[in-house]
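Report on the structure given below.
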Amino acid sequence: MTNDIDLHVGKRLRRRRRLLGLTQQQLAESVGIRFQQIQKYECGANRVSASRLFELAESLDLPVQYFYEGLSKRDEMHGDETLAADVLSQKETVDLIRAYYRLGERPRKRLLELAKSLEPEEAANDAA
8 MTNDIDLHVG KRLRRRRRLL GLTQQQLAES VGIRFQQIQK YECGANRVSA SRLFELAESL
68 DLPVQYFYEG LSKRDEMHGD ETLAADVLSQ KETVDLIRAY YRLGERPRKR LLELAKSLEP
128 EEAANDAA
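In this text, residue positions in the sequence shown follow my numbering: the first is 8, and each later residue adds one.
Below, the structure written as structure tokens:
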């Protein structure tokens, strides 16, 4: 039976792996396990031990706390300030982020301004 926390940790693992453009095989090799184990972690079928979570965090170049962000009540209260987890896990979003960061600083700023200008007026008023 899948635990909600294990599922959350697995989703965060998948999101970071995809954001870095790593396959399950590549990540598994970096920590000395088989890719099937990464699959089980990502879907929450297997619980990640503390030592393995530490190894994964180091391999993915992030703090261990990353895997737990969004779990506490305080994090939920700030939910409007962060994007929904399902949006960040979509391949289209990851591709967009990668393409954005391949641009130079000036084109990135111009693209951001363009995106903001295309935002529906009611959403822009809500943000203000």
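Glycine is no exception: its CB is placed at the ideal position from the N, C-alpha and C atoms.
* To do: Give me the Cβ distance between Arg23 and Leu78, rounded to the nearest whole Å; I'm assuming they're in contact under 8 Å.
  => Residue 23 sits at position 16 when you count from the first residue of the sequence shown. Residue 78 sits at position 71 when you count from the first residue of the sequence shown. The Cβ separation is near 16 Å, so there is no contact.
* N- and C-terminal bounds of the alpha helix (DSSP H) containing Glu65 -> Start at 1 with the first residue of the sequence shown, and residue 65 comes out as number 58. Segment Ala57 to Ser66, the alpha helix (DSSP H) holding Glu65.
* To do: Take Cys50 as the anchor and find which of Ile104, Lys98, Lys123 and Ile12 has the nearest alpha-carbon.
  => If you number the sequence shown from 1, residue 50 lands on position 43. Ranking the options by Cα distance to Cys50, first place goes to Ile12.
* Mind checking Tyr48: buried by the 16 CB within 10 Å criterion, or exposed? -> Residue mapping note: residue 48 aligns to position 41 of the sequence shown, counting from 1. With 16 or more Cβ atoms within 10 Å of its Cβ, Tyr48 is classed as buried.
* **DSSP-derived helix/strand/coil call for Glu126** => Your numbering for residue 126 matches position 119 in the sequence shown. Coil.
* Measure from the alpha carbon of Arg25 to the alpha carbon of each residue in Gln32, Lys98 and Arg117, then state which is nearest. => Against the sequence shown, residue 25 aligns to sequence position 18. Considering only Gln32, Lys98 and Arg117, the residue with the shortest C-alpha distance to Arg25 is Lys98.
* Do the CB positions of Val38 and Leu63 come within less than 8 Å of each other? -> For the purposes of this step, residue 38 is identified with residue 31 of the sequence shown, where counting begins at 1. For the purposes of this step, residue 63 is identified with residue 56 of the sequence shown, where counting begins at 1. Result yes, Cβ atoms of Val38 and Leu63 sit closer than 8 Å.
* Rounded to whole angstroms, how far is the Cβ of Tyr73 from the Cβ of Arg117, which I believe are closer than 8 Å? -> The count along the sequence shown starts at 1 and reaches residue 73 at position 66. The count along the sequence shown starts at 1 and reaches residue 117 at position 110. About 30 Å separates the two Cβ atoms, so there is no contact after all.
* Compute the Euclidean distance between the alpha carbons of Gln32 and Glu65, then round it to the nearest angstrom. => Numbered from 1 along the sequence shown, position 25 holds the residue referred to as residue 32. Numbered from 1 along the sequence shown, position 58 holds the residue referred to as residue 65. Computed Cα separation, rounded: 16 Å.
* Asked: Applying the criterion that 16 or more other CB atoms from any shown protein chain within 10 Å of the CB defines a buried residue, is Gly28 buried or exposed?
  -> Locating residue 28 in the sequence shown gives position 21, where the first residue counts as 1. Exposed, because fewer than 16 other Cβ atoms sit within 10 Å of the Cβ of Gly28.
* To do: Indicate whether Ala52 and Thr9 have their beta-carbon atoms separated by less than 8 Å.
  => The sequence position of residue 52 within the sequence shown is 45, counting from 1. The sequence position of residue 9 within the sequence shown is 2, counting from 1. Contact flag set, yes.
* **Glu128 classed as buried or exposed, judged by whether at least 16 other C-beta atoms fall within 10 angstroms** => The sequence position of residue 128 within the sequence shown is 121, counting from 1. Exposed, since its Cβ has fewer than 16 Cβ neighbours within 10 Å.
* **Ile40 (DSSP reduced to helix, strand or coil)** => Within the sequence shown, residue 40 is the residue found at index 33, counting from 1. Reduced to three states, the DSSP call for Ile40 is coil.
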